[in-house]
Amino acid sequence: MAAMSVIGIDFGNESCYVAVARAGGIETIANDYSLRATPSCVAFSPRNRIIGVAAKNQMVTNMKNTVHGFKRLLGRSFDDPFVKQELKHLHFGVGKCDNNKIGINVNYLNEQQTFSVEQITGMLLTKLKEISEVTLKTKVNDCVISVPSYFTNAERKALLDSASIAGLNVLRLFNETSATALSYGIYKQDLPNPEEKPRNVVFVDCGYTSLQVFICAFNKGKLKMLASTFDSQLGGREFDFILAEHFSKDFKTRYNIDPRTNARAFLRLLTEVEKIKKQMSANSTKLPMNIECFMDDKDVHGDIKRAEFEELAMYLFNRVEVTLEQCLKDSKLSKDDIYSVEIVGGSSRIPYIKNLIEKIFGKTPSTTLNQDEAVARGCALQCAMLSPAVRVRDFSVTDIQSFPIELLWDPSDNSDDGRAEVFPKNHAVPFSKMLSFYRLAPFTVKAHYSGPIPYADSYIGQFTVRDVKPTADGASQKVKVKARINLHGIFSISSATLLEKAELLEETPPSEPMESNENEPQPAEPEEKKEEKKKSVTKTIDLRIESLTHGYSTMDLNNYIEQEGKMVASDRQEKERIDVRNSLEEYIYDMRSRVSSEDDLASYIIDADRQKIVKQLEELEAWLYEEGEECIKNIYTEKLDLLKTVGEPIKRRKVEYTTFPSIKDQAIQLISKAERDIDAFHKGSEQFNHLDSAEVDKLAETLNNAKSWLEEKSAKVTASPLFKDIPIKLDEFVREKHNIEENVSKVLYKPKPAPKVEPPPPPKEEEKKETEPMETEQPVENGNDA
Numbered sequence: 001m002a003a004m005s006v007i008g009i010d011f012g013n014e015s016c017y018v019a020v021a022r023a024g025g026i027e028t029i030a031n032d033y034s035l036r037a038t039p040s041c042v043a044f045s046p047r048n049r050i051i052g053v054a055a056k057n058q059m060v061t062n063m064k065n066t067v068h069g070f071k072r073l074l075g076r077s078f079d080d081p082f083v084k085q086e087l088k089h090l091h092f093g094v095g096k097c098d099n100n101k102i103g104i105n106v107n108y109l110n111e112q113q114t115f116s117v118e119q120i121t122g123m124l125l126t127k128l129k130e131i132s133e134v135t136l137k138t139k140v141n142d143c144v145i146s147v148p149s150y151f152t153n154a155e156r157k158a159l160l161d162s163a164s165i166a167g168l169n170v171l172r173l174f175n176e177t178s179a180t181a182l183s184y185g186i187y188k189q190d191l192p193n194p195e196e197k198p199r200n201v202v203f204v205d206c207g208y209t210s211l212q213v214f215i216c217a218f219n220k221g222k223l224k225m226l227a228s229t230f231d232s233q234l235g236g237r238e239f240d241f242i243l244a245e246h247f248s249k250d251f252k253t254r255y256n257i258d259p260r261t262n263a264r265a266f267l268r269l270l271t272e273v274e275k276i277k278k279q280m281s282a283n284s285t286k287l288p289m290n291i292e293c294f295m296d297d298k299d300v301h302g303d304i305k306r307a308e309f310e311e312l313a314m315y316l317f318n319r320v321e322v323t324l325e326q327c328l329k330d331s332k333l334s335k336d337d338i339y340s341v342e343i344v345g346g347s348s349r350i351p352y353i354k355n356l357i358e359k360i361f362g363k364t365p366s367t368t369l370n371q372d373e374a375v376a377r378g379c380a381l382q383c384a385m386l387s388p389a390v391r392v393r394d395f396s397v398t399d400i401q402s403f404p405i406e407l408l409w410d411p412s413d414n415s416d417d418g419r420a421e422v423f424p425k426n427h428a429v430p431f432s433k434m435l436s437f438y439r440l441a442p443f444t445v446k447a448h449y450s451g452p453i454p455y456a457d458s459y460i461g462q463f464t465v466r467d468v469k470p471t472a473d474g475a476s477q478k479v480k481v482k483a484r485i486n487l488h489g490i491f492s493i494s495s496a497t498l499l500e501k502a503e504l505l506e507e508t509p510p511s512e513p514m515e516s517n518e519n520e521p522q523p524a525e526p527e528e529k530k531e532e533k534k535k536s537v538t539k540t541i542d543l544r545i546e547s548l549t550h551g552y553s554t555m556d557l558n559n560y561i562e563q564e565g566k567m568v569a570s571d572r573q574e575k576e577r578i579d580v581r582n583s584l585e586e587y588i589y590d591m592r593s594r595v596s597s598e599d600d601l602a603s604y605i606i607d608a609d610r611q612k613i614v615k616q617l618e619e620l621e622a623w624l625y626e627e628g629e630e631c632i633k634n635i636y637t638e639k640l641d642l643l644k645t646v647g648e649p650i651k652r653r654k655v656e657y658t659t660f661p662s663i664k665d666q667a668i669q670l671i672s673k674a675e676r677d678i679d680a681f682h683k684g685s686e687q688f689n690h691l692d693s694a695e696v697d698k699l700a701e702t703l704n705n706a707k708s709w710l711e712e713k714s715a716k717v718t719a720s721p722l723f724k725d726i727p728i729k730l731d732e733f734v735r736e737k738h739n740i741e742e743n744v745s746k747v748l749y750k751p752k753p754a755p756k757v758e759p760p761p762p763p764k765e766e767e768k769k770e771t772e773p774m775e776t777e778q779p780v781e782n783g784n785d786a
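Take the sequence shown: its position 557, counting from 1, is numbered 557 in full-length UniProt numbering, and each next residue is one higher.
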């Protein structure tokens with residue numbers, strides 16, 4: 001069962017997909033609505049949280065408390081200009097919290113509450129974990145989660161914090177680019193061998209909010225990312241806004257209404273233009289759009305042609321072209337080096353974008369991969385490779401760093417300029433580099449991104465190396481510092497060690513592991529000189545590192561984990577309450593219609609009782625929609641149990657009266673057949689000539705008694721009015737039928753005894769001699785026994 005807990009999560013801005021690695025391959029998991037896509041939506045109500053499909057379904061009616069689009073706020077500060085831009089498209093309340101963090105304000109449990117973006121993301125991940133556990137019928141812990149290749153340290157750390165809140169162990173934050181490439185490459189049987197020239201494949205992923213273009217080199221069993229470019233502000237959403245803006249102006253002119261002034265109307269318009277955008281990809285004719293009762297009770301209609309749309313979106317297409325060209329340039333490949341171009345993400349299907357791809361890379365784009373599920377499948381594959389629970393074909397993935405990383409420090413002398421670019425753009429990751437410093441005291445190294453990044457702050461963190469002291473003679477100590485980008489794509493100074501030289505007597509046993517500087521063993525000294533011989537050794541001492549980076553403290557994170565646990569328990573209680581309330585409501589409707597129907601329960605209850613029950617049901621229904629609307633689970637359970645004490649006996653009565661005739665008929669048919677066979681026995685039928693006459697006569701008597709019993713009891717049942725309990729319990733008829741079957745089978749249908757087989761006569765003396773085995777004196781050849 002452990003093997004089934006290995007999942008990959010494609011965490012998207014608009015929706016999420018979860019895939020699982022199983023013995024039969026990779027499978028995408030369906031949610032509680034039997035859909036593979038789970039919207040990235042978290043909504044709040046007076047009684048519970050609503051997450052996923054249900055949250056999106058009530059977005060228009062509960063806009064202020066439905067949180068969506070929060071992936072783009074992860075790890076960012078409230079004053080970030082990007083956040084200000086993003087908030088224009090969001091309808092929920094956002095405020096500034098401690099440390100300039102973003103707080104999301106909602107009404108939950110009838111009070112205003114503020115949650116961090118990491119908490120909201122954690123809630124969504126909790127839902128995805130729950131969906132997986134229900135489908136896989138096992139606990140889920142290990143996972144791989146996708147991130148855009150352009151996510152910075154701050155965003156990656158924020159997502160890891162969110163996963164911790166959801167109780168998920170992230171084996172790797174996997175770039176969406178690499179996940180897509182892995183899901184493409186692992187099933188290709190015809191990749192060139194490692195020593196051969198690799199196959200270079202371009203991938204264009206234009207999703208809902210961003211464009212990522214990347215080129216990957218494939219050989220058997222491995223992939224290497226060559227270049228990756230992006231436009232984090234260009235996706236399907238931007239094309240939707242262009243169309244919505246176009247129709248808003250049109251409606252203002254023709255209908256004197258402006259959807260941009262009404263959030264609900266604009267949300268409906270965005271839904272409609274997204275449909276029309278998809279239709280335009282397959283159709284170049286004029287396409288109509290109609291929305292009933294759109295605004296101010298007005299029905300609206302409009303139309304647009306693909307050529308018109310392309311004209312409106314030309315500035316976006318120009319940005320797509322720049323991104324595509326930059327990727328080819330960064331890869332240092334020519335068009336002829338490209339084997340194929342694969343497209344994923346919904347917006348890469350736009351015909352103009354497909355034409356641009358063909359123009360720049362000289363290849364017609366192909367759609368080998370599932371445009372929605374490729375990333376989740378790649379993540380599930382990577383998770384299977386990293387988890388000991390599953391065995392999967394090994395496939396090595398060499399990823400790259402999207403932005404250059406530079407370190408700064410206070411120079412120790414004039415020859416040191418106090419800076420170094422440790423990881424240039426497109427450097428392979430994960431990767432570690434060692435840097436040497438000569439210091440007399442503790443020192444600080446600051447890290448930041450040195451190139452243009454889609455982030456207001458280029459700061460990564462500062463790392464202070466402690467416990468550095470001068471040598472005994474006051475000289476600088478050599479400190480080795482390890483700078484690392486780990487599997488998640490997160491940079492840190494992971495370790496610092498001090499290399500201290502010391503002169504020790506040879507016979508003195510070293511107190512710590514030491515590395516000798518001498519290559520050759522020395523000849524033995526005379527006994528009296530041994531004490532004077534000294535040996536040069538280098539001691540390695542681990543130093544403390546104090547880090548100031550992005551992410552929550554352990555205490556804050558533990559508080560969030562505890563808070564999430566309470567909310568999960570509260571949601572579960574609310575679900576149980578709603579389920580019992582629904583069961584009560586269902587029982588009321590079911591009983592009311594059934595006791596009133598002559599074809600159903602009405603015949604099994606006297607009129608006075610029926611009217612009494614109907615009145616009780618009506619009163620209970622009225623209570624349910626008035627003061628009983630928000631009761632606790634136990635009250636609903638009590639009322640349902642009370643109702644069942646009245647309703648279930650009537651239902652049981654009907655079942656007994658309607659089932660009785662068929663059981664009686666089966667028993668009578670059984671007796672009739674047995675009687676015919678007994679008659680055949682008495683007439684000397686060969687089929688029954690092995691039976692015992694006394695047993696058969698006794699069976700005939702038993703059957704006669706059974707028939708009399710059945711007729712007597714049946715008469716009582718037939719005479720009984722249906723509104724009274726059946727005079728003979730159904731179990732008695734079933735038991736009697738079973739006894740008849742047993743007796744008939746034991747006496748009439750027992751198998752014939754097998755015929756006796758006479759043993760063969762003993763062989764005569766002459767025959768005995770002939771059958772004895774002959775002895776041979778021939779040797780066995782080659783010593784092998786045949």
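Every residue, glycine too, gets a C-beta built ideally from N, C-alpha and C.
Starting from the C-beta of residue i, find all residues in its chain whose C-beta is less than 7 Å away, skip the five residues before and the five after it, and write them out in chain order.
i           : result
Lys137      : none
Phe681      : Phe688, Leu691, Val696
Tyr315      : none
Leu312      : Ile242, His246
residue 811 : Outside the modelled stretch of the chain, which goes from 1 to 786, sits residue 811, for which no answer is possible.
From what residue to what residue does the beta strand (DSSP E) around residue i run?
i      : result
Pro288 : 287–295
Leu324 : It is not in any beta strand (DSSP E) - Leu324 instead sits in the alpha helix (DSSP H) that spans 314–331.
Cys383 : Note, Cys383: premise wrong, no beta strand (DSSP E); alpha helix (DSSP H) at 374–386.
Leu408 : 405–409
Gly95  : 93–96
Lys425 : Element bounds for Lys425: n/a, residue is neither H nor E.
Among the residues of its own chain, which have a CB less than 6 Å from the CB of residue i, if the five just before and after it don't count?
i      : result
Thr135 : Ile29
Asn283 : none
Glu176 : Ser146, Pro148, Val375
Pro404 : Glu421, Pro424, Lys425, Ser450, Gly451
Tyr455 : Thr152
Lys71  : Asn13
Are the CB atoms of residue j and residue i within a distance shorter than 9 Å?
i      : j      : result
Gly122 : Ser162 : yes
Glu358 : Pro365 : yes
Val320 : Leu211 : yes
Val201 : Glu342 : yes
Leu124 : Ile51  : yes
Glu618 : Arg594 : no
Lys664 : Leu584 : no
Output the boundary residues of the alpha helix (DSSP H) element that contains residue i.
i      : result
Gln669 : 633–682
Ala48  : One detail in the question is off: residue 48 reads as Asn in this sequence, not Ala. Where Asn48 is concerned, there is no enclosing alpha helix (DSSP H), given that its DSSP letter is neither H nor E.
Gln616 : 607–625
Within 10 Å of its beta-carbon, does residue i have 16 or more other beta-carbons around it, so buried, or fewer, so exposed?
i           : result
Val231      : The displayed chain sequence assigns Asp, not Val, to residue 231. Classification for Asp231: buried.
Pro721      : exposed
Cys293      : exposed
Asp240      : buried
Glu626      : exposed
Val757      : exposed
Gly8        : buried
residue 834 : Since the first and last residues shown for the chain are 1 and 786, residue 834 lies out of range.
Got a sec? Which residues, its chain only, sit under 8 Å from residue i by beta carbon, not counting five neighbours each side?
i      : result
Met567 : Arg49, Met123
Would you check whether the ligand FMN has a heavy atom nearer than 8 Å to the C-beta of residue i?
i     : result
Ala23 : The ligand content of the structure shown is nil, which means the ligand FMN is not present either.
Inset, instruction - Pair every Cβ in the segment 13–20 with every Cβ in the segment 123–132, then say whether three or more of these pairs are closer than 8 Å. - result: Yes, they touch.
Inset, instruction - Report yes or no: do the segment 78–93 and the segment 163–174 share at least 3 C-beta pairs separated by less than 8 Å? - result: No: fewer than three Cβ pairs fall under 8 Å.
Legend entry - Inter-stretch contact (C-beta, 8 Å, three-pair minimum) for the segment 699–711 and the segment 640–659: They do not touch, by the three-pair rule.
Legend entry - At least 3 beta-carbon pairs within less than 8 Å: the segment 254–269 vs the segment 51–70: With a cut-off of 8 Å on Cβ pairs, the segment 254–269 is in contact with the segment 51–70, counting three or more such pairs.
Inset, instruction - Decide if the segment 661–678 is in contact with the segment 731–751; the criterion is three or more beta carbon pairs, one per stretch, under 8 Å apart. - result: They touch, by the three-pair rule.
Legend entry - Sufficient close CB pairs (3 or more, under 8 Å) joining the segment 540–549 to the segment 489–499: The segment 540–549 makes contact with the segment 489–499: 3 or more CB pairs, one atom from each, lie closer than 8 Å.
Legend entry - Sufficient close CB pairs (3 or more, under 8 Å) joining the segment 627–642 to the segment 572–583: Put simply, the segment 627–642 touches the segment 572–583. At least three CB pairs are less than 8 Å apart.
Inset, instruction - Check whether the segment 550–563 touches the segment 468–475, taking contact to mean three or more Cβ pairs, one atom from each stretch, closer than 8 Å. - result: Inter-segment contact for the segment 550–563 and the segment 468–475 is absent: fewer than three beta-carbon pairs are separated by less than 8 Å.
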